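S.K.: Got a structure for you, questions after.
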Amino acid sequence: MRKAASMLTIGAAMAVLLGWGAVTVLNHSGEMSGAGQGTEAAAGLNGRDAGKGVAAGAEGQAASGAGGYDAETVEKNATGKPTTGAPAGFHYASDPNYYTETFRPQYHLSPESGNMSDPNGMVYLEGEYHQFYQNSGQWGHAVSTDLLHWEHLPVALARDSLGEIWSGSAVVDAKDTSGFFGGKAGLVAIFTHWKGGLQSQSIAYSADKGRTWTKYEGNPVIPNPGLKDFRDPKVIWYAPTKSWVMVVSVDNRVRFYTSPDLKTWTMTSEFGSDQGSHAAVWECPDLFELPVEGSKEKRWVLTVSIGNNTATKGSTAQYFVGTFDGRTFKNDNAPSEVLWTDYGKDFYAAVSYSDIPAKDGRRIWLGWMSNWRYPFAMPTGAWKGSMSIPRELTLRDVAVQGLRLVQQPVKELTALRGQKAVVERTPLSPGGAQNPFDGLKGTSYELETELTVQPDAQVDLALRRSADGGQATVVSYDAAAGVLSVDRTHAGVSTFEKGFAEKVSAPLKLRDGKLKLRLYVDSASLEVFANDGETVVSSIMFPDPTSSGLSVEAVKGGAVLERASFYPLQTVWRQEDVNSSTPQRIVLSKPSVDVPVGGSQAVAADVLPYRAPQGLTWESDNEMIAKVSASASVAGGAVVTGVGSGSTVIRAKTSDGRVTASMNIFVYETK
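Per my numbering, the sequence shown starts with residue 17, numbered consecutively.
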């Protein structure tokens, strides 16, 4: 259902104003060593404009060209002009403010407006990935040729006389087993109809690559068998028996059906009544075979999501590893063993793409980044919800544990990487004033790190950190406890849901004393891949638009940051150059500020891309109401002082005067 020919050392405090060439090195003093001419502005990234009333006056931005997915190619060609970008035929939005609203993801799929929840009907056909999704009881639709750049299409399946269109799957009927396509191939969608509390399974078909759909006149193909919960069919082609197989949720278990033609179905077995977690209803099942890394072995994986409940503090997901013979699934592990898919609160209803060509060979899935505790309560305005990044799945034989599901970001994501910044080896100790990440800023980026952690140590990485350090999402590892955690207690806006400001934890063992983390940060999300994808934590958060700093420290014990690579990531929605030093937009910490007469308040601002000079000039429309002056401590920031009661506007302007932003100021009497 439901990214040294001649050496130049630059002080860390100037990192956002001065810069380097293709690859930047931050040394153990937090300073930067630049390979190349060192005349570009410091590496940063191109994020969304979260402030209201922003006028982006920059012009002549370099166009992003087509590029491959090899990270080394990105680094060799990073010369201040983008070498990667959209695939051939893709058209960026012409509006420079498209997808720049507060909290709008820059490389995750989100709807233009309305609600996005469960991914549905994920299928690959003739060079296109189809991403259908739940959109208030119908199927929204987007397509992509690279899993990154999406084109929004009209609603694919709308509610009808049989009810709302709930979750389901889609397949390529390559042999026209259904008879819908005159002997050719076509798409068939299999979904749940819901009406008056009754759920049944229906189908629809498309002969034009999913642009138009016809619902089967014989729907439902599986009427409700007298069950309250009977939904979310996932269909696969099972080659050994040359038949279609459906797995469908039935309360807190699943059922399997087979069909020769997608129209007539026979139940073959049931699984799960005594298996895994039964904290709540099972939803959105998936069934697929995966290779075991480093061997010729394969195993079947059955995944299910678990609805909102108090035991798991919201909705979550689990998986089983076993065997499948076309009719029956058998779990390799003890029935009581629970294998969690993701330890965060915001990875739900994940299902995989059908019909990815054999020459590719990957199993790729993604999930909905939200939770049924707060599905559409987020402070994002006219749109609600987004998808995770696509992830490649494999099985790995993990020491002591056995076969475990491994999730890795798809290789296509490297095409979004901007110029790489490398942080040198740095010892970490409690109370150390040094932050190896000084000079790095961003709101949409990829960060790869490897740390050596002593047995008694705790290491914290603060992401989306405000200038005063009061706001951040903290990724922490406690070696003594063997626990990785993500803490969004002080991550930003949380009032929309009681308990949203929370900390989640996952068991994680070091490998030979080492901890590897790969982090994907976007405007309102964090996805943590630990130890090459063995443990994953996905969380949404809603920080201030200018909370763009990051830091790492040893809270206790000793640790060494062995290496770190920081990649600003290109937006997939607008033709912008993350490597440019030309200002494009100004991001303000808030759209408005209330100040008492005689009082003052700090205001933060960032210039995007972050490689652009961060200096700003400020002015007030009415100094009888409020005065504004540049901050002495925060680059680009300002201090607003209330003079007389009333309202006015303050304006920030780049040094060239081409980009401005405004903020509403309300001054009030305290008596």
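Even glycine gets a Cβ: it sits at the ideal position worked out from N, Cα and C.
A quick note: this is a predicted structure, and the numbers were derived from the prediction, not measured.
Could you spell out where the beta strand (DSSP E) holding Thr-228 opens and where it closes?
M.R.: Neither: Thr-228 is in no beta strand (DSSP E) and is coded neither H nor E.
S.K.: Exposed or buried, what is Tyr-684 when buried is set at 16 or more other beta-carbons lying within 10 Å of its beta-carbon?
M.R.: Flag for Tyr-684 reads exposed.
S.K.: Check Pro-301 in the structure and name its three-state DSSP category.
M.R.: Correct three-state label for Pro-301: strand.
S.K.: Taking only the alpha-carbon atoms, compute the straight-line gap between Ser-597 and Leu-604 and give it to the nearest angstrom.
M.R.: In a straight line, the C-alpha of Ser-597 is about 19 Å away from that of Leu-604.
S.K.: With a threshold of 7 Å on Cβ separation, who are the neighbours of Thr-664 within its own chain once the five nearest residues in sequence on each side are excluded?
M.R.: Taken in chain order, the residues that qualify are Ser-636, Asp-637, Asn-638, Ile-641, Ala-642 and Ile-681.
S.K.: Would DSSP call Thr-459 helix, strand or coil?
M.R.: If DSSP states are grouped into helix, strand and coil, Thr-459 belongs with coil.
S.K.: On the three-pair Cβ rule with 8 Å, is the segment 532 to 543 touching the segment 336 to 348?
M.R.: Taking 8 Å as the limit for Cβ pairs, the verdict is that the segment 336 to 348 does not touch the segment 532 to 543.
S.K.: If the criterion is Cβ atoms closer than 8 Å, does the pair Ala-473 and Ala-495 meet it?
M.R.: Yes. Within cutoff.
S.K.: Give the DSSP-derived three-state secondary structure of Thr-257 in the structure shown.
M.R.: Looking at Thr-257 - three-state DSSP - the assignment turns out to be helix.
S.K.: Since Arg-441 and Ser-563 should fall inside the 8 Å C-beta cutoff, what is the C-beta to C-beta distance between them, to a whole number of angstroms?
M.R.: Their Cβ separation, rounded to whole angstroms, is 28 Å, which puts Arg-441 and Ser-563 out of contact at 8 Å.
S.K.: May I ask you to report which of helix, strand or coil DSSP gives Arg-592?
M.R.: The amino acid at residue 592 is misidentified as Arg; the sequence shows Glu. It is coil, neither helix nor strand.
S.K.: Tyr-114 and Trp-589 look like a contact to me (Cβ under 8 Å); what is the Cβ gap, rounded to whole Å?
M.R.: Between Trp-589 and Tyr-114 the Cβ distance is about 6 Å, and since that is below 8 Å, they are a contact.
S.K.: Considering Cα atoms alone, identify which of Gly-292, Leu-203 and Ala-365 is closest to Asn-324.
M.R.: For the residues Gly-292, Leu-203 and Ala-365, the minimum Cα distance to Asn-324 belongs to Ala-365.
S.K.: For Lys-457, does the count of other Cβ atoms within 10 angstroms reach 16, so buried, or fall short, so exposed?
M.R.: By the neighbour-count rule (16 or more Cβ atoms within 10 Å), Lys-457 is buried.
S.K.: Roughly how many whole angstroms lie between the Cα atoms of Ala-255 and Ile-372?
M.R.: About 15 Å.
S.K.: Touching or not, the segment 293 to 309 and the segment 273 to 281, by the rule of three or more beta carbon pairs under 8 Å?
M.R.: Segments in contact, no.
S.K.: So which of Pro-523, Leu-243, Pro-135 and Ala-488 has the shortest CA-CA distance to Gly-498?
M.R.: For the residues Pro-523, Leu-243, Pro-135 and Ala-488, the minimum Cα distance to Gly-498 belongs to Pro-523.
S.K.: Can you tell me which of Leu-531, Ser-521, Ala-478 and Tyr-493 puts its alpha carbon nearest to the alpha carbon of Gly-508?
M.R.: It is Ala-478.
S.K.: How many whole angstroms separate the CB atoms of Ser-386 and Ile-556, which I take to be in contact at a CB cut-off of 8 Å?
M.R.: Confirmed, Cβ separation roughly 7 Å.
S.K.: With which residues is Asn-131 paired in a DSSP beta bridge?
M.R.: Note: Asn-131 sits in a beta bridge opposite Lys-400.
S.K.: Which residues mark the beginning and the end of the beta strand (DSSP E) in which Ile-206 is found?
M.R.: Start and end: 202 to 211.
S.K.: Are Val-367 and Pro-127 close, meaning C-beta to C-beta below 8 Å?
M.R.: Not in contact: Val-367 and Pro-127 (Cβ atoms no closer than 8 Å).
S.K.: Using three-state DSSP, classify Leu-429 as helix, strand or coil.
M.R.: Correct three-state label for Leu-429: helix.
S.K.: Find out if the Cβ-Cβ distance for the pair Val-354, Pro-301 is shorter than 8 Å.
M.R.: In this structure, Pro-301 does not lie closer than 8 Å to Val-354 by Cβ.
S.K.: Could you tell me the distance, in whole angstroms, from the CA atom of Glu-408 to the CA atom of Ile-666?
M.R.: Going from the Cα of Glu-408 to the Cα of Ile-666 covers about 47 Å.
S.K.: When burial is assigned at 16 or more other CB atoms within 10 Å of the CB, is Ala-79 buried or exposed?
M.R.: Caution applies to Ala-79, whose pLDDT of 29 falls short of 50 and renders its modelled position unreliable; the value that the coordinates give is listed next. Answer is exposed; the Cβ neighbour count stays below 16.
S.K.: Ordered along the chain, which non-local residues of its own chain (more than five positions away) have a Cβ less than 8 Å from that of Leu-243?
M.R.: Gln-215, Val-266 and Asp-267.
S.K.: Between which two residues does the beta strand (DSSP E) harbouring Ile-405 extend?
M.R.: Ile-405 -> no beta strand (DSSP E), and no H or E assigned at all.
S.K.: Trp-166 and Arg-158 - do their beta-carbons sit closer together than 8 Å?
M.R.: Correcting the residue type first, residue 158 is Ala in the shown sequence and not Arg. Taking 8 Å as the Cβ cut-off, Ala-158 and Trp-166 qualify as a contacting pair.
S.K.: Quick one: what's got a C-beta closer than 7 Å to Ala-398's C-beta in the same chain, skipping five residues either side?
M.R.: Cβ neighbours of Ala-398 beyond the five flanking positions: Ser-129.
S.K.: Quick check: Met-401 and Asn-131, are their CB atoms within less than 8 Å of each other?
M.R.: In the sequence as presented, Met is not what sits at residue 401; that position holds Gly. Yes, these two residues count as a Cβ contact at 8 Å.
S.K.: Classify Arg-579 as helix, strand or coil using the three-state DSSP reduction.
M.R.: In this structure, Arg-579 counts as strand in the three-state DSSP scheme.
S.K.: When DSSP builds the beta bridges, which residues end up paired with Arg-527?
M.R.: The partner list for Arg-527 (beta bridge, DSSP) reads Lys-530.
S.K.: Using alpha carbons as the reference points, say which of Glu-550, Gly-137 and Phe-287 lies closest to Trp-6.
M.R.: Here the chain has residues from 17 to 687 only, and residue 6 is not among them.
S.K.: Ala-94: buried (16+ other C-beta within 10 angstroms of its C-beta) or exposed?
M.R.: For Ala-94, the pLDDT reaches just 38, beneath the cut-off of 50, and the residue's location in the model is therefore unreliable, leaving the point undetermined.
S.K.: I need the straight-line Cα distance from Trp-316 to Asn-595, nearest angstrom please.
M.R.: Taking the straight line joining both Cα atoms gives about 43 Å.
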